[in-house]
Every structure is written in structure tokens, then in C-alpha cells.
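Residue numbering for the sequence shown follows the UniProt record's numbering, starting at 1 and increasing by one per position. C-beta atoms are modelled at their ideal positions from N, C-alpha and C, and glycine is treated no differently. What follows is a single structure, written as C-alpha cells, with notes after it.
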Amino acid sequence: LLPPQKPYRHSFSYCFLTYNYTTKTTSVSPSLRPIKTARSPSSPYFLEWFKIWYPSRTQSSNSLGHQTNVKIPAQVSSNGERKLGKRKLSDPEVSPPHKKTMAGTKDVDMDTKMQVDESVVGKNDIDESLYSRQLYVLGHEAMKRMSASNVLIVGLKGLGVEIAKNIALAGVKSLTVYDPAPALISDLSSQFFLYPEDVGKPRAAVTAPRVAELNAYTPVSIHQSDSLTSNLSQFDQYQVVVLTNTPIKDQIIIGDYLHSKGIYLVVADTFGLFGSIFCDFGPKFTVLDPTGETPASGIVAGIDEEGLVSALDETRHGLEDGDFVTFTELVGMEALNMSDPRKVTVKGPYTFSIGDVSGLGTYKKGGMYQQVKMPKFIDFQTISTALKSPEFLISDYAKFDRPRQLHIGFQALHAFAEKHGHFPRPMHQEDALVVIGSAKAFAEKEKLDVDVDEKLLTELSYQAQGDLSPMAAFFGGLAAQEVLKAVSGKFHPINQWLYFDSLESLPSNSARSEELCKPLNTRYDGQIAVFGREFQEKLGNIQEFLVGAGAIGCEMLKNWAMIGLAVGPKGKISVTDMDSIEKSNLNRQFLFRPKDVGKLKSDCAAEAVQAMNPDLKGHIVTMRDRVGQDTEHIFHEDFWNSLDGVTNALDNVDARTYVDRRCVYFRKPLLESGTLGTKGNTQVIIPHLTESYSSSQDPPEQSFPMCTLRSFPNKIEHTIAWARELFESYFVKPAETVNLYLNQPNYLETTLKQGGNEKATLETIRDFLVDDKPLSVEDCIKWTRLQFEKQYNNAIQQLLYNFPKDSTSSSGAAFWSGPKRAPDALKFDPKNEFHWTFIVAGANLHAFNYGINTKGLDASTIQKVLDNMIIPDFSPNSAVKIQADDSEPDPNANTGAFDDNAELQDITDKLPAPNQLAGFKLQPVEFEKDDDTNFHIDFITAASNLRAENYKIELADRHKTKFIAGKIIPAIATTTALVTGLVILEFYKVVDGETDLEQYKNGFVNLALPFFGFSEPVASPKDKYKGKTGDVYIDKLWDRFEVNDITLQELINHFDEKGLTITMLSSGVSLLYANFFQPSKLKDRYGMKLSDLVAFISKKPVPEHQKNVIFEVCVEDESGEDVEVPFINMRMGK
């Protein structure tokens, strides 16, 4: 077990936990497999500590992961009393694959056991330009099944509309909604598609058209029915039914019918800061891909007679017990090649067993292993059965015992509503006593051995009429993802109940009472019922800064509009985003519509949320500036000082780090979050309490050895990386170099003086400006065809000349073995798709560089040019040296320094003088992955796959190539909505001014597993030093020394008074003082003011807009030891 780190920044190893109710002890069984998780906001890995609390208040910290189901089976004691059984953590075994038709009359895809509408399945094309980011989460097959599914959502308050929004964005065959009830003013607390003028109108009638605007591919209609329970056959037309805001008696009637008909059911409810979800996907539900992770693969180093497989060069195999693998390219055990998948038993991080291999021969060499995803089958119980014998998925391990309490409490709330016609009133003690009594009666009637937590159920009763936007966002994202799982078979569903609460979000600094929480007939009544009027007023007068208006930014603004942030007289929201809206944004940035494409995100987002809540008008300021050092005159010190807090909605580490540093400097709370597909995390940064975002470092991104990319690729990722660099070397860098030569005075002289690669630079200018300069599209075709020959034939011939296929290493082992795959040169074939695409794309891009019209660049022209070309013969050059291994020195490393001045001068003489080409310039290609007409991804796909053909590597389609080459971050609306909900729950605490670190939570979720983990933020680092009067304690992150614009000598004296001796002082890159400087050098500096000293050393004055200057200082304390202390903040006094 490892100490706490920042959520999902490191390898996340997980374990299974069992709690013994008798001994009050926790046992942990570790798993060997690390789970790769989301980019963190920035990082690909996650490590977390989880607290498990139980009535004994004993704390246990464990690294956890994977879905942990807690089942409470019915048990009968000797006296006939029925008990809730002990929690058992379970991980259902993978069932052997078999065919089984689901019960009922629905059409069933026999390959997947997924319910589908046979009239459309497999026939719908997917709009990749719209769904591109989601496709990288779900895949084409899952989305095709989704597009053949009909979904019904019952209830269109905040939770229902959130689910509808997410499903509409995801794309299904049809979405039908049902809610004939008239809209109430309190609905506007979370129902973002209801406006004040809609009060009194049927919710479905006004909401459906607005949901329909989200996605033209998802038709939205209204379900017509006088009663949902009078004629249950009305549900037969749907594959999934979602119930929200539905009485529990109706849930049971409808749910049991749906189970009998093989129709999937999702039930979700929220009550203030409490919520639940239930799933019933019938018997033998098929999960095709439980995790969504990329299957593991690797190179085999050996297989012994016991079936023990070793990975090459001690590379972690990435498998776990129960996985299945297949093999290819084995020599000596050929019977295993492409045989049925073999079940894996992990023996170590680099070895695994595949069982009995007798009779298969003896392993000799080579081979690849590939993980195979096997289907998992899950049996779901009906809701009537599951109510009495629930199985829980734990959402928060600090509240291990809470699900069974809430399970009883929620039923008590429904019983109260059925009897009284309404849910318990806010902060009403008599109503709460009725709920508690009902819960106890239910437990006694069902003979459940559970002690009712009266305090918890009292709070549940108090909040029953609460309707909070962040809770709707959390459960709306979760429920929508479960619907997508049901219709696609992608990812592991919730089995079967999940309860979640965020009681820590209740204010401790704002009063709550029956009077303060009663409804006021305002749009915020659903929130006032939970937090009270005082807290609502606090929210209205907050000044918050939102950095980014993309996916998370849109969701954040929507939530802020619903909760009434900044609508008061002092309230203000500032939002900045420099990006414009693109079509691919529409799939998850739900505030935007097709008509907004090309407009600024910040402007459109602000306009949309002001329509949702007109109270925001006049309280939102939009900007289009990047937040960074170059805009500090815009986001100046007055701007930062005016803020109450900052919320990041960014997609890159550098911007996050900069904003984090600003928040630390100005001591502003920061809410951080990020998503990657189904994974997401949240982090809260509180001044003087927590560490900052930058306090821990992310691991470096994966990179490939250059030697591997140049000569020895063994997987498609290598060839794609190589092709991406080829794109740069053909269509970007040469054009930029030529333009520098044409436009930058004395460019050649400067280049020749620098040394190192002067010959290569001159040759590039010569080739692209003289020798290979095209005048027509025909010239572009010829150039591209010669590049094909150079890369895929000549270079391979040279490589095999240097290292023949039968060559051996110095140890006598075969050179072409292990990761080195012997290539073959390609012969150009215009009938080969990738050969032809390479020419078409390459010629178009080369023509673009030179501004040549490509109107005549058609197939017949290309074929004619190719037919008339004579390709020069190639003979390998014995003088060419090729690096054989990354561990060896590069034989070409020292050849860059070229000292043949005569040859350099000869090349230079061939170049036209820049003034002879006045006005001429090349157009570098700006890589754009999302434009399917610009040939960028077409070229990279073809170039990569041609190289893969050279080395007999499995090819990648355009979709996968675009993902890797474009470094696309997978995204889906469900995760974004859920993560934003968690951020707002933390935001409540920030607004309240919570100072107890234990009340804050950093969160990590993976909706695919599904997994939820929460931890207390890491405290800011503390230290101490020996001062004049003893130990002085400091916060190394949030403290600083504050001084005015005093002289250097006064600063030294100031620190002497604290018992600290300054040994070095710097500002930025300027070293202003060091105790080892010569006295003569320091003499004039002692009397200089700090601002003058900075200007004197850096040769530039402090900018006018800057009111403070930061100094870094090294000191010794009274003991003579070097101690680390905070920075110095000098106030300019302007």
C-alpha cells in the first residue's frame, strides 16, 4: 500500500477488501494488475488511498479498484428472523461463451445478446465528424447497436432531462419522453430546458423540442398515455425504459413486467444531496467488453514445457488472472498460432501460464500474444426481488454501511409520499419522525437485522423536497451511461443498486431551519430546501472565474445557472475561451447548436445559460483570451484580487499549471477536473489547507526509441509515429525553412555559423526551391511517387544490405529476432488502396505547399503520369551506416558537423537570391485532424500502413490512425456531466468557507467498471526553521514573506531579525545577490531598491501593470542549516 498521492497521476494498483462484522477488521487481497486510467486532468495514471469508516470509527486505508459489488442476501436465523446478510465483495467470474436467446418477444442479436431493432441494425452510417470523440470511447459496433435502440424516459424534472440530454447527444434510434405533469417554478432549480414562461405547461410538451435540438440523428417524441400502469404493453416498443420521479409501487409494477419481456430497466431518484440508481438488464445479460481498455499484447520471449510464457525483455504483460490470450508467429509451437483463446494465470509481472501445452512441441523463437476480450454474463433480479435482497455497488468507501440505511430510507420516503401526497417538508421534524418510524416498521416487517440510523434518515427527510442541479448531473450522467451499456453491451453495468450522498456539502457557516428552508415560490426553491436562504444569498454574490468553455465549461455554466451563482447585486462570472466552435464539439458541448459553428465558445455559452436563467443577464463577462504570461496585462492583479474563486475547464497541462500558480499566488480556491472517456477526476485546491495542482508531477508521456522508429518498428503505433513525423518532414518543416531563407535577412550566414546541420538545411532549401520545385500537378505526382520509392523500397533495401536476413549479432543470436522484424521492400501497385492513397494525398499536399491548383489532379491524370514515369534503379551504398540498437552509439551522431566548405558553397551557389523571388513563399501545412477533406489523416494513414506492410505489422484503419496521430482525447457527455456534478458539490463547500480538510473530497470515477473513489485532499506541505525565539512553523506552499519596495540591505536586515541569513536572492532568471559575490560587486547593490535592482540586473524595468514582484530566496537559519522557506512578495507601491 502506497501513501496518498494526487488522484490519478500514478499507477493505480487495486485490491479486494473484505470487512468482518464480528471482529471489526478489514482484510485486503492484492491484485497484480495496475489499472490504466484517465488523463487527469492531465495524467494517464491514478493512485489513491481510500478510507473505510464503520461504526467503530476504525480507519483503514487501502488502494482499491475494479467494481466491488456488495450483496446483502436474505438469510434466516434460527428464530425465523430475516436478516440483511454480511457484505461480500464479489467479482463475477467470466462465463464461458454460449448462445442464448433472451426471454420475451424482442429481436435479439445472436452474436451479442443485445436487444436491437432489426429494421435498422447494421444499416446506419455513423457521422464520424460529429461523434469522433465518442467513437473513441464506445467504438463503431457499440454505436451501431445504440443507433438501433428505442429508449423511453419517464419524468422530466432535473434528473430526467439530464438523462435525456446525455442519451440524445450519444445517439440512439429514437428517444421518447413522458411527463404530462405541469411544470412548477421549483422545477427550474435543476431543469435547464424549462423557462419561467413554461410554468403550468406539461413538462414533456415544452422539453421534448429542446432536447430534439441537441442531435439531428436522435428523433425525440412524446409518449402518449393516460396511465403507465393500466396497459403495460405500451412499453413493448422500447428496448430500455428509464424511470425517474416515479412512485415505488409503479416502479415495481412496470419493472417486473419489463423483466418478463426482456426490456431493460433503469430507475433513478434524487432527494437533495441523496440519490440512487437501480438497473435490471434481465437474466444472462451479455457484457462484451467489461472495461473498455485496449487489449494487452506483447512479444513472447519464451514458453516452457509447463506452459509458462515470458514477455520479452522483462516487459510487463499487462494481464490478470482469468484473461484470455491468443498467439501468432510462434516458431516451435505452431499449433498455438491462431488456436482457441487460452485462459491466463498470472505468475508475475513478466510471466503468465496458459496451462497444459503437452503435445504442442518445443518453443523455438518468436511469437506475439494478444489478449482477447471474452463476454461476461450477469443475472439481474427483478426490482421487486432486489428491493428485499439488494446487491450494492459501493460509491464511497468512507460510507461503507450507508447504502443499506438509505435503501430503507428511500422506501420510507416513497411510503410517506404515497400516504400524504407529497414528500416530507424541509427541516420538518414531525415529518422526519414519520419517516423514521416508517423505516423501522419496514425493517421489522421484513425482519431485517439493521439498526436504523435516525440522524441520517432525519437528514434524508429534511432534504426530500430538495432538487439540486449537481445531483441531477451526477445521476444523469450515470443513468445515461447505464442505458448505453444496456443497448450496446459495452462496459460493466451497475449490479444492481448504487446509493450516493454528499452530506459534506451541507453548509456549516449558514443557518438552516424550517423557516429558512421553506419554499419562496422562486426558481431556487429546490436548492433552498436543502441549504436555506442565507446560503442562497451567498451563492448570488460570488465572483467566479471559469477558464475554458468547452465540454466541462458548458456543463459548469449550466450548473451555475441552475444554482443561481452570481445572480445577486455583487455577483459576477468571468469566462474566457479563445477557441471557436467546431462540429465535433456538438456531441458533448451541449450549449452549442449547428448554427453556432465558427462562433466563439465563450460568447455562445454565456448566451445559452442566460436564456436558461435570465437572472444571469448582466452578470457574465466573456473573453477570448488565453490565460498565460502573455495576457497578464488583461488578467492583471486587480482582476485576480477581485475573484472569490477559480474553476478550470481546460484540456492541457501547461494552462492548468499556470492557472494553478496564479491561484496559489493570489490565494484563491481552485476547482480542477478532467475526463478521459469514461474516466474522470476532480481535485479541490484550498488556500492554507491543501496541496496545489502543481504539487505533484505527472509521469512523462509515452515515447518510442528513435532507433525503433527509424529502422525496427514492431507495432502499428511505431509506424503511425513515423508517418506523423514524415508528414512534418515533407509538408511543414521544408516550407518553413524555405520561407526563413526568403524572408529573414542573412539567414544563410546565421545558419552556417551555427553549425551542426547546415548541410541538411541547405539541401532542403535547394530541393524545395530549385531541384524539386513543381510547376504543375503532374510534377507533384512525380515527386510523391519518388518519395514512395525512397521510403518503402530503397530504404528497406539499404537496411537489408546493412543487416541481411541471415545476419547474427555479436553473441551469435539471430539479428532479426525478438522485437526486430525483418522487412521486405514494397513494389508499387496502383491497385493497392494505400499505395494509391499515398500518391493522391501526397500530391495534393505538395501542391498545397506551392499554391498549385489541384483541379486537374484526378485519377486519370495520376494514372497517366505514373504510367509514363521511369523509376531510377537503386543500389545500396556501403558507406551508409545504420544504428542497430538504441543501447549502441548512433554512428551518424557526429556527421552533422560538416566541414567541406567547398561543397556547402556549391549548394549555396545554386540557390536563387531571395530578392529574385520577392513575394514568393511556400505555404506550410497546418496539421488539422478533424477536416476529412484536407488529406492530412489520409496521408498519415497510407504512410503508416505502407510501412506496416514493409514489416508485416497488422494495419490500422483511418479511425485508429487519426486517434493516435492526432493525440485525440476520447470524450463522452455522460462522464463530463457526472464529473461536473462532483465539482459543484465541492464548490458548495468552497462557497460556505469550509476550513475542515476532512470535509473536502478529491474524486475519481470510471463509469466503465464502474468504479467510484473519493479521498481527502493531500494537505499542503509544512516545515519549520530555527528563529530568534525558537521554532517557526510555515506552510511551504501558501505562506510568503511580504515586503515593500525596500533596499537590498533593508531586506537582508529584515531577514536577520527573523533569524534567517540570506545566501542567495533571485527574481526570475536574474541572480540579484549571493553571499559569494565579490564585495566590490555588491557595494552598489546594497543601497538599491529591489525594483531598481531587478531592472538593473535584468536590463528591463518592471512592467507598469505589475504591482508585485516575486523573489526566490535561499537562507540559513539560526542553527546554520540551509532551510527551505517561501518566496518573497514585494509590493511595488504603485
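Meets three-Cβ-pair contact criterion under 8 angstroms: the region 464-484 and the region 525-534
yes
- With a CB to CB cut of under 6 angstroms and the five nearest residues on each side skipped, what residues in its chain are close to G275? Leaving aside the five residues that flank G275 on each side, the residues in its chain whose CB is nearer than 6 angstroms to its CB run, in chain order, M471, F475 and F500.
| query | For I573 versus K601, is the C-beta distance shorter than 7 angstroms? | reply | no
| query | What are the boundary residues of the beta strand (DSSP E) that T176 is part of? | reply | S174 to Y178
message: My output table needs one value for residue 1146: the three-state DSSP class, helix, strand or coil.
response: Because the chain here runs from 1 to 1134, residue 1146 falls outside it and cannot be looked at.
| field | Sequence ranges, alpha helix (DSSP H) only - wholly within the region 367-437, length at least 4 | value | Here the runs fully enclosed are 383-388 and 402-420.
C1114, DSSP secondary structure in three states = In the structure shown, C1114 falls within a strand segment according to DSSP collapsed to helix, strand and coil.
Does L520 pass the burial test, meaning 16 or more other C-beta atoms within 10 Å, or should it be called exposed? exposed
Requested in this report: Drop a sphere of 10 angstroms on the beta-carbon of K967, count the other beta-carbons inside from all chains shown, and report buried for 16 or more, exposed for fewer.
Outcome: exposed
Can you tell me where the alpha helix (DSSP H) with R1131 in it begins and where it stops?
Unbroken run through R1131 is the beta strand (DSSP E), I1128 to R1131; no alpha helix (DSSP H).
Practice task
Check whether the Cβ of I796 sits closer than 6 angstroms to any heavy atom of the ligand ZN, and report yes or no.
Solution key: You won't find the ligand ZN in this model; it holds no ligand whatsoever.
- Message: Counting beta carbon pairs with one atom in the region 994-1011 and one in the region 682-690, are three or more of them shorter than 8 angstroms?
- Response: yes
- [ ] Determine the burial state of A441: buried for a count of at least 16 other Cβ atoms within 10 Å of its Cβ, exposed for fewer.
- [x] exposed
In this structure, does DSSP put G158 in helix, strand or coil?
helix
Candidates A443, L448 and Q465, of which the one nearest H422 by Cα:
Q465
L498 versus T385: straight-line alpha-carbon distance, rounded:
Whole-angstrom Cα-Cα distance: 16 angstroms.
Candidates L546, V309, T854 and K773: which alpha carbon is nearest G355's? V309
| task | Could you tell me whether the Cβ atoms of E672 and A977 are closer together than 7 angstroms? | result | no
Discussion item. Mapping the DSSP letters down to three states, classify M556 as helix, strand or coil.
Written reply: In the displayed model, M556 falls within a helix according to three-state DSSP.
| message | Report the CB separation of Y131 from A486 in whole angstroms; it is logged as a contact under 8 angstroms. | response | Their Cβ separation, rounded to whole angstroms, is 19 angstroms, which puts Y131 and A486 out of contact at 8 angstroms.
With 16 as the cutoff for other CB atoms within 10 Å, does N641 come out buried or exposed?
exposed
If distances are taken between C-alpha atoms only, which option among D931, E128, S129 and S186 comes closest to L156? S186
Any idea which residues DSSP pairs V1032 with across the strands?
Y1025
- What three-state label does DSSP hand R656 in the structure shown? helix
Check: Around the Cβ of I634, are there at least 16 other Cβ atoms within 10 angstroms (buried) or fewer (exposed)?
Finding: exposed
* Asked: What number of angstroms, rounded off, separates the C-alpha of L47 from the C-alpha of F1014?
  -> Model confidence at L47 stands at a pLDDT of 31, short of 50, so the residue's coordinates are unreliable and nothing is read from them.
Margin query: Using 7 angstroms as the threshold, is the C-beta distance between P669 and V206 below it?
Written below: no
Short Cβ contact (7 angstroms threshold) for F203 with A183 = At residue 203 the sequence reads Arg, which differs from the Phe that was named. Contact: yes.
Discussion item. Whole angstroms are fine: how far does the CA of N1129 sit from the CA of V1043?
Written reply: Going by the C-alpha atoms only, they are around 6 angstroms apart.
By the 10 Å Cβ neighbour count, where 16 or more other Cβ atoms means buried, how is R133 classified, buried or exposed? buried
Exercise for review: Return helix, strand or coil for A301, following the three-state DSSP convention.
Suggested key: strand
Item to complete: Have a look at the DSSP bridge pairing and note the partners of L308.
Response: S353
As assigned by DSSP and simplified to three states, the class of W816: coil
- request: Give a yes or no on whether the C-beta atoms belonging to V1113 and L1065 are separated by under 7 angstroms.
  value: yes
Contact check, K343 vs G318 under 8 angstroms by CB: the rounded distance?
K343 to G318, Cβ: 16 angstroms. No contact.
Worksheet item: Going by beta carbon distance, what residues of the same chain come within less than 6 angstroms of R425, once the five residues before and after it are set aside?
Response: D431
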